[in-house]
Amino acid sequence: MADVSVPVLIVGAGPTGLSTALFLAQQQVPYILIERHPGTAIHPRPVGLGARTMEVLRTLGLEESVRKAAEPLSRSRGEIFVETLASADMAQVKRLNLDGKDIETFDQMKEAEQAISPTTGCLCNQAALEPVLFEAVRERGGDLRLQTELLSFEQDETGVTALVVDRKTGMQQRIRADYLVAADGANSLALRTLAIPAKSFTLSRMQTLAIDFRADLSELVRSYEFILCTIEAPEAPGLLMAINNSDRWLFQMPGYLENGELKASSVERCQELVRKAIGIPDLAVEIMGILPWEPQERLAERYQVGRVFLAGDAAHIILPTGGVGANLGIQDGQNLAWKLAAVLQGYADSTLLSTYETERRHVAGFAAEQEEITDREKTTDNELQARFGFYASSAVLSGEEGSTPDYTELRGQPGSRVPHVWVEYQGRRISTLDITGHHFVLLTGLDREGWHKAAKECAAHSGIELAAYSIGPEGELVASEESWQQATGLPEHGMLLVRPDGFVAARVSVPDEDRGRQLMGMLSALHLCVRV
């Protein structure tokens, strides 16, 4: 095959790679996405998509498609504890949220979340989520190559040369890319090739056997659907996970070692274990897959080496409780894509790319720490950070002198996700988050004329696409007179500069007399190339 060139080569078509492709397409950046397997995930794995991840998918226009894919699990709530599923009185079984809180507390948290977000999280299994992302990539013209494996790569000052092979034909090809995004999972070739050290947060020696099976359990769970069911039967203790609340389930239990290696049980043995766990000796059980694995938690010490970036499980592995890793990976893709676009399209210098590691590695490390601390130690502060993230890097201008960031609310602090306000825009009800995703946005109160003029001047001088909107009864974003101040704590002449990923890059409460110069200075400080 002839060699090809492309701005970005993405390796791996899991949730991270697929979402990175979609965010690059949103920024109109061409890419090639390669995947060594013939299709999307076949091993089901329930993933709790958090509100922030659903916000991110919303900017791609995929919120409703993902919710449709998640419908089979939409009635699942919390975790229950039984000896066997068949022996339990489901109406009397105590139900807890996955973090150990009462389910009522969880419901209250969901209500509080709705006040600060235009969407809510949902539970979806990975085998249902990936096809939604996959089809979106195809529909939007993505260059997606299945059964194509990365064999090796080299990089120099101007790009990366990757050697790939078509696993169907055996034919090899070189792909020359400006940048390579390694979203190729826990056994990432890029991670190994670059010899990047990793920090382990937990050293668990618990071996686990995951049994993917079909069995009609719908009558046992109807009206009492759960996310997880801890089975305490002495002969088959483990964790039963709902995949579709009907006939597809995942049972995880302690595995066993043979000569120091984790071994998979036979199909017949797995059928027997499932029947004992469910408590129905003659249950018809079809084994779909048997996967031995060992839980691990790891954080790469570097996310970037030259023109190669790690994302998703290649960069971080978090204990698989609630699908934290998938959420992090999707958000990695959003963070990296707009920065790559800014550099490739010539309105930012390459130093912007270093902020990807600074921002996303901190978020992953924080998420790992959250998995380790007890519920008693968790606070509104760290839960909010875990759910929505806060960035501190040179792609964020720190707050005004003398101010102390308050991370218990989302009120437009630099590095926080832009506040959510319902507004009317061109006759439609939207969230302030819905105007983000494509380019930088400047939000103001009703004293907007000076800021709008400054935005036009900066866009003309720099080539940066910069849209300006005011919030209020007479604004482009129509809302009540109090909305701007309540949402941000800023006066009418205040301003928020919002990045394409929806995070606040800068905040101004007292503008300079020359707002154009002030805004130009901010853009320059954010690594954006301001032409003189």
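Sequential numbering of the sequence shown, starting at 134, is according to my numbering.
Just so you know, even glycine gets a beta-carbon here, dropped at the ideal spot from N, CA and C.
In chain order, what residues of the same chain lie with their CB nearer than 6 angstroms to the CB of V496, ignoring the 5 residues before and after it?
Excluding sequence neighbours, V496 sits near G522.
Take A221 as the anchor and find which of L485, S285, P552 and I364 has the nearest alpha-carbon.
With distances taken between Cα atoms, A221 lies closest to I364.
Would the segment 173-185 count as touching the segment 315-335 if we require 3 or more Cβ pairs under 8 angstroms?
Judged by Cβ distances under 8 angstroms, the segment 173-185 makes no contact with the segment 315-335, as fewer than three pairs qualify.
My output table needs one value for E646: the three-state DSSP class, helix, strand or coil.
DSSP places E646 in coil when its eight states are reduced to three.
Identify the continuous beta strand (DSSP E) that holds I413 and give its terminal residues.
Where I413 is concerned, there is no enclosing beta strand (DSSP E), given that its DSSP letter is neither H nor E.
Short check: CB of Q160 to CB of A470, under 8 angstroms?
Going by C-beta atoms, Q160 is nearer than 8 angstroms to A470.
I'd like to know if the segment 159-175 and the segment 472-487 are in contact, where contact means that at least 3 CB-CB pairs between them fall below 8 angstroms.
At 8 angstroms Cβ cutoff, the stretches touch.
State the DSSP-derived secondary structure class of I165, mapped to helix, strand or coil.
Three-state result, I165: strand.
Give me, in chain order, the residues of the same chain whose beta-carbon lies closer than 8 angstroms to that of E534; leave out the 5 immediate sequence neighbours on both sides.
Unreliable placement is indicated for E534, whose pLDDT of 46 sits below 50; the coordinate value is still reported in the next sentence. Here the set comprises nothing.
Is it true that the CB of S564 sits closer than 8 angstroms to the CB of L656?
No; because the gap between Cβ atoms is not below 8 angstroms, this pair is not in contact.
In the DSSP assignment, what residue or residues form a beta bridge with M386?
DSSP, once it has assigned bridges, lists L342 as partnering M386.
Within a Cβ cutoff of 6 angstroms, which residues of the same chain sit near C362, ignoring the five residues on either side of it in sequence?
Contacts found: I213 and L373.
One question on the structure: do C257 and A202 come within less than 8 angstroms of each other, judged by their Cβ atoms?
Closer than 8 angstroms, so yes.
Using only CA atoms, which one of E614, R562, G422 and V631 lies nearest to P624?
P624 has its Cα closest to that of E614, out of E614, R562, G422 and V631.
Following the continuous alpha helix (DSSP H) through N258, name the residue where it begins and the one where it ends.
Careful: N258 lies outside any alpha helix (DSSP H), inside the beta strand (DSSP E) at C255 to N258.
Is C362 helix, strand or coil by DSSP?
Residue state, collapsed to three classes: strand.
Using the C-alpha atoms, what's the distance from P330 back to R79?
Since the first and last residues shown for the chain are 134 and 665, residue 79 lies out of range.
Determine the DSSP secondary structure at H170, reduced to helix, strand or coil.
Residue state, collapsed to three classes: coil.
If you run the structure through DSSP and keep just helix, strand and coil, what is M421?
Reduced to three states, the DSSP call for M421 is strand.
With a 10 Å radius around its C-beta and 16 neighbouring C-beta atoms as the bar for buried, classify Q546 as buried or exposed.
With 16 or more other Cβ atoms within 10 Å, it is buried.
Looking only at C-alpha atoms, which of V354, E405, L424 and A410 sits nearest to I344?
Minimum Cα distance to I344 is reached at L424.
From the DSSP secondary-structure annotation, give me the bridge partner or partners of M374.
L361 and L383.
Going straight from the alpha carbon of V407 to that of V438, what length do you get?
Their backbone Cα atoms lie some 46 angstroms apart in a straight line.
What three-state label does DSSP hand K332 in the structure shown?
Strand at K332.
Out of V199, E197 and E263, which has the shortest C-alpha to C-alpha gap to G147?
Ranking the options by Cα distance to G147, first place goes to E263.
Excluding the 5 residues flanking W584 on each side, which residues of the same chain have their C-beta closer than 7 angstroms to its C-beta?
Closer than 7 angstroms at Cβ, skipping near neighbours: L575, T577, A601, M628 and R648.
So what's T294 in DSSP terms, helix, strand or just coil?
Reduced to three states, the DSSP call for T294 is strand.
I believe R440 touches N468 by the beta-carbon criterion, under 8 angstroms. Please report the beta-carbon distance rounded to the nearest angstrom.
R440 to N468, Cβ: 17 angstroms. No contact.
Spatial neighbours of Q404 within its chain, please: C-beta separation below 7 angstroms, excluding the five flanking residues on both sides.
V418 and I420.
The alpha helix (DSSP H) that contains Q619, what's its start and end?
From DSSP, the alpha helix (DSSP H) with Q619 extends over S616 to T621.
Output yes if chain C places a C-beta closer than 8 angstroms to the C-beta of L372; else output no.
No chain C appears in this structure, which consists of one protein chain only.
Please report how far the alpha carbon of Q606 lies from the alpha carbon of D634, in whole angstroms.
Note that residue 606 corresponds to Pro in the displayed sequence, not to Gln. P606 and D634: Cα-Cα distance of roughly 26 angstroms.
Since V191 is in the alpha helix (DSSP H), which residue starts that stretch and which ends it?
At residue 191 the sequence reads Arg, which differs from the Val that was named. Residues A184 to T192.
For M223, tell me which candidate among E368, T341 and E352 has the shortest Cα-Cα distance.
Nearest C-alpha to M223: E352.
DSSP three-state label for I604, please.
It is a strand residue.
Measure the C-alpha to C-alpha separation of K442 and L313 and round it to an integer number of angstroms.
Position check: residue 442 holds Phe in this sequence, whereas Lys was assumed. Spanning the two alpha carbons is a distance of roughly 6 angstroms.
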